[in-house]
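Asker:
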Amino acid sequence: MKELQYLNKYFIKYKYHFLLGIFITIVAQIFSLFTPKLISSSFKAIEDFNKNNVGTDVIKVELINNILLIVGTTLVAGVLTFLMRQTLIVMSRHVEFDLKNEVFKHYEELDQNFYKRNRTGDLMSRISEDVGKVRMYVGPAVMYTINTVIRFAIVIIYMYNVSPRLTLYTILPLPLLSYIIFKLSTEINVRSTTFQQYLSKISSFTQEIFSGVRVVKAYALENQYQKNMVDLANESKTKSMDLAKVQSLFGPLMIALIGVSNLVVIYFGGMMYIDGTIKSIGTIAEFILYVNMLTWPVASIGWVSSLVQEAEASQKRINEFLKVQPEIKNKTTENSIINGEIQFKNVTFTYEDTEITALDNISFTIKKGETLAVLGKTGSGKSTLLSLITRMYDIKNGNILIDKKNIDQVNLYDLRNSIGIVPQDAFLFSDSIKNNIKFGKENATDEEVFTAAKQAVVHDNIMNFNNQYETVLGERGITLSGGQKQRVSIARAIIKNPEILLFDDCLSAVDTETEEQILNNLLQISKDKTTIIVSHRVSSAKNADKIIILDEGKIIQEGSHNQLINEEGYYAELYLKQLSEKELN
């Protein structure tokens, strides 16, 4: 139960629901216990009739009164049980809602390294499957535990008041019951944890295959991945069956123990009636009813124990992530006004997971309103440079200054709000094109959306769709071509009207004519903004105020377009190569 202690804060938060549920449960149990008493009273009345020749009318009246009281108290107990469920189960839904939001919020705060280490399917499983298991603990498990404890306490007190000796005989099987529950619960906990892990594996596997289904089809690997899925599903089924086998022992064992208790009551109660210790046969009937009233609570112990063990395993998995602290933290609560000056001073950055040094002793300065173009071969550190400006990673060597202030001393949310970034891999949501563009500015007007799309040279393409801007995209924007996705991403960054614009090779999928149009538009848009353009094309860099060439994380060339084409090196070679390719085309 150690892991489930994390949920105590929710029980405190919803303490009024919890306490009200307990109160209703106590009252409901008291009303439900009128029935055995009234039945015992009815037997006693019949016995008195036989012994003392009491009038038939008197007996009839007493029996009718008892029947009416049984019906009335049963109805009241039923209504109260309904209210108990409404109170405690509703509380569990509130806890489920809060826990899912807490997990999701924590996911949002975690850094890039976390998402490199963990698979999306596993993250999804923890916020859906695992939180669902936890809800079953907070709701049904807690409710039936309270119900069982209160019923046991009240029933045992009632039984003891009727016959202490017969009560002792009746509860003799309980120590054996406790031992069996302990042993089975321990085994369920182990098997439940293993089963949950396999559920996560299946979620991760299917999520990955569905996301890359076009690649699977292109390589005609459907049968291979179907076989892999069958193997994984079989392993999961085996673990599920192992768990079910242990869980299935609870019901029969509980019912057997209740049956033994009934036999004990009949035998010892009969002997006590014969020797005169018990005065009425109604007492035996009353005890049998008490024992049978304990049947469901006792039988539910196994189910509840299973729920608790599964919830313990699930909450452990949730806690593992909730305990992970983000490496990127906002170190100041003060608002930061971002103008856009960026300075790198001797920055060296190495990825921890691969130990690859992506940037090596980099230094440069971009003033507000200037444009920097970054060129270089694949893997030279261009995208890493942009990731450091958005603080997706923190550096250990050197300094990055924003408006002459160390980047980690700038409010993280203000920094990112002031940046419009178009990533190399354009990601679009399964939503309308309009909403994808408005992602950069939620309260943007339709006119602003159209203007941004025109500046990104994608407006005409959108207007050719049947639903135009209301066209709903498939997952990751699959409805659009690569070039269209890039241009919608550019429109999303433009509409934000940020102080800093970062373009990470975002024109690689568009033709040179469209690229020229977009670059001309960007010249107008970025007049008062700090702009960094990462590219493989000289055409994207030629109008920049400054150009740097990266190779293996180092700056090997730096200057303007005119300077670099007249200087022997990578830029001049790339310029001549692309110029000749253009002439050939």
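So for the sequence shown, the UniProt record's numbering puts the first residue at 1; every next one is plus one.
Don't be surprised by glycine CBs; every beta carbon is placed ideally from N, CA and C.
1. Can you tell which of Ala444, Val458, Ser163 has the C-alpha that lies nearest to the C-alpha of Ile281?
2. Do the stretch 25-38 and the stretch 258-275 touch if we need at least three Cβ pairs shorter than 8 angstroms?
3. Report the rounded CA-to-CA distance for Ser32 versus Ile202, giving the unit in angstroms.
4. Shorter than 8 angstroms from the beta carbon of Met143 to some beta carbon of chain B?
5. Indicate whether the contact test is met: 3 or more Cβ pairs, each with one atom in the stretch 512-523 and one in the stretch 533-544, closer than 8 angstroms.
6. Round the Cβ separation of Ser236 and Tyr198 to the nearest angstrom and send it over; I've been treating them as touching at under 8 angstroms.
7. Taking all protein chains shown into account, do 16 or more other C-beta atoms lie within 10 angstroms of the C-beta of Met254, making it buried, or fewer, making it exposed?
8. How many whole angstroms separate the CB atoms of Ser204 and Gly340, which I take to be in contact at a CB cut-off of 8 angstroms?
9. Starting from the C-beta of Lys316, find all residues in its chain whose C-beta is less than 6 angstroms away, skip the five residues before and the five after it, and write them out in chain order.
10. Helix, strand or coil for Ser248 per DSSP?
11. From the DSSP output, in three-state form, read off Ser363 for me.
12. Using the Cβ count rule (16 or more neighbours within 10 Å means buried), how would you classify Ile64?
13. My output table needs one value for Gly440: the three-state DSSP class, helix, strand or coil.
14. At 3 residues or longer, what runs of the beta strand (DSSP E) sit wholly inside the stretch 504-557?
15. When the Cα of Asn361 is compared with those of Leu75, Tyr14, Asn397, Asp353, which residue comes out closest?
16. Taking buried to mean at least 16 other C-beta atoms within 10 Å of its own C-beta, is Ala453 buried or exposed?
17. Put Phe268 into one of helix, strand or coil per three-state DSSP.
18. CA-CA distance, Leu232 and Lys133?
19. In three-state terms, what does DSSP make of Gly381?
20. Taking only runs that begin and end inside the stretch 382-457, name each unbroken beta strand (DSSP E) of 3 or more residues, in chain order.
21. When DSSP labels each residue in this structure, what does Lys13 get in the three-state scheme?
22. Quick check on the burial criterion: 16 or more other C-beta atoms within 10 angstroms. Buried or exposed for Tyr115?
23. With a threshold of 16 other CB atoms inside 10 Å of the CB of Gln486, please say whether the residue is buried or exposed.
24. With burial defined as no fewer than 16 other Cβ atoms inside 10 Å of the residue's Cβ, what is the status of Ala45: buried or exposed?
25. Buried or exposed: Gln130, going by 16 or more other Cβ atoms within 10 Å of its Cβ?
26. Please list the segments of the beta strand (DSSP E) lying wholly inside the stretch 478-507, counting only runs of 3 or more residues, in order along the chain.
27. Are the CB atoms of Tyr160 and Thr167 nearer to each other than 8 angstroms?
28. Suppose you measure from the CA of Glu355 to the CA of Phe349; what does that come to, to the nearest Å?
29. Select from Leu123, Asn8, Val71 the residue whose C-alpha is nearest the C-alpha of Glu320.
30. How far does the alpha helix (DSSP H) with Ile337 in it reach, from first residue to last?
31. Which residue's Cα is closest to the Cα of Lys377: Glu573, Tyr179, Arg93, Lys9?
32. Label Val304 either buried or exposed according to how many other C-beta atoms from any shown protein chain fall within 10 Å of its C-beta, with 16 as the threshold for buried.
33. Looking at Ile338 and Gly418, is the spacing between their C-beta atoms short of 8 angstroms?
34. Since Gln343 sits in a beta bridge, which residues does DSSP pair it with?
35. When you compare each of Met229, Ser363, Lys217 to Val206 by their alpha carbons, which one comes out closest?
Answerer: Result, derived from the coordinates:
1. It is Ser163 whose Cα lies nearest to the Cα of Ile281.
2. no
3. When rounded, the distance between both Cα atoms is 46 angstroms.
4. Looking for chain B here will not work: only one protein chain is present.
5. yes
6. 4 angstroms
7. buried
8. About 41 angstroms; that fails the 8 angstroms criterion.
9. Glu3
10. coil
11. strand
12. exposed
13. coil
14. Fully enclosed beta strand (DSSP E) runs of 3 or longer: 530-535, 546-551.
15. Asn397
16. buried
17. In this structure, Phe268 counts as helix in the three-state DSSP scheme.
18. 22 angstroms
19. In the three-state reduction of the DSSP assignment, Gly381 falls in the coil class, being assigned neither a helical nor a strand state.
20. 397-402, 419-422
21. helix
22. exposed
23. Around the beta carbon of Gln486, 16 or more other beta carbons lie within 10 angstroms, which makes this residue buried.
24. buried
25. The question names Gln, yet the displayed sequence has Asp at residue 130. By the neighbour-count rule (16 or more Cβ atoms within 10 Å), Asp130 is buried.
26. 500-504
27. yes
28. 10 angstroms
29. Leu123
30. Run containing Ile337: none; DSSP gives neither H nor E here.
31. Glu573
32. buried
33. The sequence shown places Ser at residue 418, rather than the Gly named in the question. Yes, these two residues count as a Cβ contact at 8 angstroms.
34. Per DSSP, Thr365, Leu401.
35. According to the sequence provided, residue 206 is Thr. The question's Val does not apply to it. Nearest of Met229, Ser363, Lys217 to Thr206, Cα basis: Met229.
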